[in-house]
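In the numbering used here, the protein residues as written are 3 to 95.
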């Protein structure tokens, strides 16, 4: 679960989401680890897929809740560890 002082949203994980049509093609997606950028205007999610499907990091505009960017490719297999050091060190939640 994540929020930010500059946001009115509260974002949560959806690791057991059964909806295959949510993004990135076939297979269920495990949407986890929301992480804000320093300004609090973007949220980055890790989207885990099955071994044979495509995983990604998805960037969402916090204010409009719309998709801004999808980071994907053959090297994005287990998209974790994308922590904002500033927010973590300063307990920005």
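Glycine residues also receive a C-beta, built at the ideal position from the N, C-alpha and C atoms.
Go ahead and pull the three-state DSSP assignment for residue i.
i	result
residue 116	Limits of the chain in this structure are 3 at one end and 95 at the other, which puts residue 116 out of reach.
residue 33	strand
residue 49	strand
residue 87	helix
residue 63	strand
residue 16	strand
residue 41	coil
Can you tell which of the options has the C-alpha that lies nearest to the C-alpha of residue i?
i	options	result
residue 59	41, 66, 67, 37	37
residue 30	10, 43, 52	52
residue 78	56, 69, 93, 67	56
From residue i to residue j, what does the alpha carbon distance come to, in whole angstroms?
i	j	result
residue 82	residue 65	24 Å
residue 95	residue 45	12 Å
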